[in-house]
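Residues 1 to 1076 in full-length UniProt numbering are what the sequence shown spells out, letter by letter.
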Amino acid sequence: MRNLPKDKVKKVKKLLPQIQNVNKIDLNNNTKTIYSLANQKCEGDFNWASTVNQLDLKVHQESLDVELQSAQQSTRAHKIYQASGLKSSLHGNIYQLKLLMLFLKRGMNKGYNFHLATEWDMAEKFDDLVFRYTDNQGQTKYRFLQAKHKQDEDRRITIGDLLTTNKNGEFNLEKYFISYLKIKNNQSFQDGDIQDLIICTNIGFDLDSSLPTQFNEIKSGKNKEKKISVEEITGNDDFFKKSDGGTRYKLQANNNLIMHLKQGSEAQKAIQAKNIQNNVDTEINNFLKKLTFAVNQPNELKLSNIISHEVGEEFKLFDADLVTDNFLKEMLDWIKQKEGTFLTIEDCRQFFEFAERKVSSLKIIGLTSRYSKKLKQYNINFKSTQLVEIRNFLNQKQKQVLNLKSQHNTKLNAIRVNQFLVNNNLYKAEDSYIFLPLNHLLLLKNKALDAFGAQDHKNLLIVECKKEVNNVFGLYSSLINIIKNNTDKKVILITRNGNSFADKFEKNSAIKGKYQERSVSVNSLDDLKSESRKKILNKTVNFQGNETSLSNLINNNQKHLINEEVLAQLIDNNEIRVGSMAPKLTGIDKECYIERKFNRKGGENIEVITDKVAIIVVKSGMGKSVVLTHLAEQEKINNPSLWVIKINLVEHIQALSEENFDDYNKSKAIDFLSRIIGLSTALEKSLFTDSFNYVDKVALFFDGFNEVSSTSRSNAIKLFVALRETQLKRLWIITRNYTCDELANGLDIDSLYELNPLSKNEQKEFLKKFFQNYLNHKNYIIDKTRLENCIQEFFRTFTSGTNINEDFLSVPLQLQIVAELLQNKFEEFYNGNQGSSLFDGFNLTKFYDGFIKCKFDEYSSQQEGYITPSNKLSFDEFLKQRQFLAFYALFGEKETESLFPEKIDKIKSLIVEMEKGNGCVGIVDRIIDGKPNFVHFTFAEYLVAKKFFDIFLKQRDQLPTLKSKASTGLKVKYLESKQKKLKKFFKKQYFSSNRVGIRIFFDHIAAKDSLLHIAVLNNNNDKIVKLLDNNIVDVNIKDTFGRIALHLAITYHYFDIVETLTKYGADQSIKDELFI
């Protein structure tokens, strides 16, 4: 191998200290290192070998292996070859080009009056960029720039790079000093001052990490131990922003720098040529003041992003690559010119104004294309007959403005226009028309008007006016001017009737004869092409809470229901709801429902009603609303495409009273139903109305007939008669027995079905479901046998433990309330605590309290929304009203007035109101012959007993206090007289064989929670023995009115209990304080 020349060896030795990684591999030379190249090329040369040995490569072998392995993996993916020429130089040219772009853009942003040049020979080594501008003080200044882009960004500029004598050294200070002298004395630049001489690079200085203003010293060679310091420039610069990254420095003048620049052979020639020998130090200092190193600046890739970002801000674009690429092309064309020309701010403005027009045009094209695509995605295609008006307008020259009007929605006309344009060869080009909603057009008004007004293209503007918009006069005026000055321009307005924007065109005399209006409507699904019809009919809709296709709701004869308004709603909604939720049982009503039987008028028992029109008669507490909901729900299950509507007339009293059905008009009746069931969309209304023309499309279930006034009932009957004449499948009305004749006579039918009470087996089935549901919620694993046994025990002990007849439980509401009262007790019993009866401690009053509270809640919910809050009854007021009504029902007007003279007028007024249908809820269900009729006579007895209890308790507590006050003597006498009268009357009723219920209820109320008194009242001697044996209670414990259990046992003739109580020490000398 040949030996390397000594000067090359010397140069390598000089470079070695500057190499950061001596093991760096050359990917273009088979991944060789310095060491391997040396051995390959200069094997046997002593000078070279000794130099290479200084590297001590063995120390770095491990890192070399890793780097080599990584390089080998990379070369597997991309085959590498040696490269030079354009590949090694083009990046620098691109860097220079992008710096020119940046200066041009930022110079324009600042508004400078400038001239930009490149490769200007007069600028010597600073010829990459020359920026001549006038500052704010009117001074002309020059900025000269030399660009140095490095692909290896790890490289650093060293003292050696600055002080090199190599003429080709990229950072040779001597050659830049000489350039400064030439520029300073060049006549081309005498009209202004040199602001700075910039060396711009993407690499940094080799500064001392411990002293960042000082270069690292060179340890050997000619520049050994020379020092160069730098000063960071911290001020703002319009062209080198801090946000770009990078730092700007000036070199601090010192003897090393000054002597280097004075002694350089080329510098001496320049000094002599300029005859500045006596002033050289000043010139060097001036040069160093002007010289700026902009280091660690963005590389050419980052520079692209900065330029693109700033261009994007200019045009309000998120992605400005299109404009930036055009900018780059324009700059390249400028650089390629044979003779150098200056770029000025005017050139820059012209480019960006042109670019803005192009961007605006592209925005308009993009928005038009996007809107067209959006309309096309509806996949609605009209038959050609629906496009005739559009075709005629575009084909005739006389008309320039077409207003396509619609009554309901602009969407379909927009789809029509788009369909025509997409399929018309004249409008295939994306820039052949503008199609935008009005609100978008107003946002882009100037850009859109410029594009539409241009002579070369865009002769058609389509504006969809979805809503009324203010501030449109400017747009309107501009469009009028464009139309007047160019007969080829056409405008299509897509509006709803009465649109103010369109009205301006219609009323403008300047375009009289050029404006026309047309209305195009869908009259049936047949106006669509077959594929579009299928799409619409296959559309999923939510019909009364269930998903189904529209085709299941519309037959071939109902295609006309899909008109313009309905079709617009069908294509516009994500979810289409038709009708409110179908009736469904929920909660405990669903879990425990028992299939009920009916008794047809005439005596026949049936399970299924099949009549088109039927009246279902139900007694109070029999579950009227629950049964009707169940019947409606079953109808829906059997026929999902059926309209199933359950209406409670009580909820629509006002609407019913305001309507007049005297003419029995079917259309009026159907419209009334449509309103009260809350149908709002055109599709719902048209489907519901038309369904009455077809068999098996509608089933109506009415509740609350017996709860409204006689006037409302009369109106409801007329409504039913009108509906009966339609093709509906069901018209079933559920009511109480006291209004069934009125209803049957009004409808002239004998299809009456009475809901039967629960049989013994049905009661057991209900309880089985109820308690199983209760235990399931408590996470029990149900033992069916045990559950059956517990329910049998329930029935066995019910009558003996409560003094209530067995038929009491045949009423579902009463059975449910008893079950709810006993559910905790039932759980204990089910768990094995079967030593006592289920009804131990059962206080009958709790049932009646619960029942009345249930009915009050029902009353309150019915009154919600119909009366003001100030007129709403509290529970106490509700209870008092029913108590006085109970007195009136049991004892008549005369006796009631005798006992409560101050209340009789209010009682009678309340009865009159109830006769009108107001307030008859559950407990008092009607007025018969002027008397309140209670659902069960025991409720009247309970309410009378409760009233007596309240009166006696109040008197007992008040009289002692009043007697202690001397001033209340008359009042005491009055109260004592009244108390005597009431007690006399009460005593008579208490011991009457006809009013046993009053006695039982009163004693239960007075007993409160006394287990011993309740056991006596329940005739449970075993319980009494257990209580006394275990000392749970005192045998002489008193109830509210001072009576011990012995008093009750004697009253009820429970002589075995009398014996037991006496045995356990009952004190026979204690007096019954109630009747003292």
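Quick reminder that beta carbons are idealized off the backbone N, C-alpha and C, glycines included. From a predicted model like this one, the values you see are computed outputs, not experimental measurements.
Contact set for residue i: own chain, Cβ-Cβ below 6 Å, skip 5 residues either direction
{"i": "THR1040", "result": "ALA1006"}
{"i": "PHE770", "result": "CYS592, ALA819"}
{"i": "VAL472", "result": "PHE501"}
{"i": "GLY513", "result": "none"}
{"i": "PHE878", "result": "PHE856"}
{"i": "ASP208", "result": "GLN214, ASN216"}
{"i": "PHE393", "result": "LYS399, LEU402"}
For residue j and residue i, believed in contact at Cβ under 8 Å, the rounded distance
{"i": "PHE452", "j": "LEU461", "result": "5 Å"}
{"i": "VAL417", "j": "ILE380", "result": "Not really, about 12 Å apart at Cβ, beyond 8 Å."}
{"i": "GLU464", "j": "ALA414", "result": "5 Å"}
{"i": "HIS408", "j": "ALA510", "result": "Contact flag wrong, Cβ pair sits at about 31 Å."}
{"i": "ARG736", "j": "LYS619", "result": "7 Å"}
{"i": "ILE94", "j": "GLU330", "result": "Rounded, the Cβ-Cβ distance is 15 Å, inconsistent with contact."}
{"i": "MET622", "j": "LEU809", "result": "Actually they do not touch by this definition, with Cβ atoms about 12 Å apart."}
{"i": "LEU402", "j": "GLN516", "result": "6 Å"}
{"i": "THR739", "j": "ASN715", "result": "About 14 Å separates the two Cβ atoms, so there is no contact after all."}
Best match in the options for proximity to residue i [C-alpha to C-alpha]
{"i": "LYS954", "options": "PHE937, GLU976, PHE939, PHE934", "result": "GLU976"}
{"i": "PHE293", "options": "ILE198, LYS242, PHE382", "result": "ILE198"}
{"i": "residue 1114", "options": "ASP431, LYS224, SER229", "result": "As displayed, the chain neither begins before 1 nor continues past 1076, which places residue 1114 out of reach and without an answer."}
{"i": "HIS260", "options": "ILE1024, MET331, ILE159", "result": "ILE159"}
{"i": "ALA582", "options": "PRO640, SER874, VAL608", "result": "PRO640"}
{"i": "TYR888", "options": "ASN933, GLU877, ASP450", "result": "ASN933"}
{"i": "GLY1042", "options": "ASP1029, ARG956, GLU762, VAL1058", "result": "ARG956"}
{"i": "LYS262", "options": "ILE284, SER243, LEU1027", "result": "ILE284"}
{"i": "VAL1033", "options": "ALA1066, HIS1047, ASP671, GLU517", "result": "ALA1066"}
{"i": "SER759", "options": "GLY579, SER992, PHE795, ARG786", "result": "PHE795"}
{"i": "ASN599", "options": "LYS529, TYR753, THR548", "result": "TYR753"}
{"i": "ASN1030", "options": "ASN486, LEU1011, ASN1019", "result": "LEU1011"}
{"i": "HIS115", "options": "ARG132, MET101, LYS125", "result": "ARG132"}
{"i": "residue 1150", "options": "GLY340, ILE615, ARG357", "result": "No answer is possible for residue 1150: the residues shown for the chain start at 1 and end at 1076."}
{"i": "ASN305", "options": "LEU328, LEU291, GLN139, PHE798", "result": "LEU328"}
{"i": "LYS764", "options": "THR140, PRO812, GLU313, LYS880", "result": "PRO812"}
Extent of the continuous alpha helix (DSSP H) run through residue i
{"i": "TYR999", "result": "Sequence inspection shows Arg at residue 999; the Tyr mentioned does not correspond to that position. Its alpha helix (DSSP H) spans residues 996-1007."}
{"i": "LEU129", "result": "That residue, LEU129, is in no alpha helix (DSSP H); its beta strand (DSSP E) goes 129-134."}
{"i": "GLU1059", "result": "1055-1063"}
{"i": "ASP690", "result": "682-691"}
{"i": "ALA451", "result": "445-453"}
{"i": "ARG882", "result": "875-899"}
{"i": "LEU197", "result": "Unbroken run through LEU197 is the beta strand (DSSP E), 193-201; no alpha helix (DSSP H)."}
{"i": "ALA270", "result": "265-274"}
{"i": "LEU162", "result": "159-163"}
Close Cβ partners of residue i (< 7 Å) along its chain, the five nearest in sequence each way excluded
{"i": "ASP611", "result": "SER751"}
{"i": "MET122", "result": "ASN186, SER188"}
{"i": "THR247", "result": "GLU232, VAL295, ASN296"}
{"i": "LYS718", "result": "PHE661, ASP662, TYR664"}
Limits of the unbroken beta strand (DSSP E) element including residue i
{"i": "TYR515", "result": "515-519"}
{"i": "ILE494", "result": "490-496"}
{"i": "PRO437", "result": "433-437"}
{"i": "VAL924", "result": "924-928"}
{"i": "GLN816", "result": "No beta strand (DSSP E) contains GLN816, which is instead part of the alpha helix (DSSP H) from 812-830."}
{"i": "GLN772", "result": "It is not in any beta strand (DSSP E) - GLN772 instead sits in the alpha helix (DSSP H) that spans 760-777."}
{"i": "THR247", "result": "247-251"}
{"i": "SER549", "result": "546-549"}
{"i": "LYS141", "result": "140-148"}
Same chain, Cβ closer than 8 Å to residue i, neighbours up to 5 away in sequence not counted
{"i": "VAL469", "result": "LEU438, ASN439, LEU442, PHE501"}
{"i": "LEU570", "result": "ILE536, LYS539, LEU550, ILE562, ILE576, LEU683"}
{"i": "TYR774", "result": "GLN823, PHE826, GLU827"}
{"i": "GLY204", "result": "ARG156, ILE157, THR247, VAL295, ASN296"}
{"i": "ASP488", "result": "ASN459"}
At least three beta-carbon pairs within less than 8 Å, the region 136-148 to the region 191-206: yes
Do the region 633-650 and the region 677-696 make contact, defined as three or more Cβ pairs closer than 8 Å? yes
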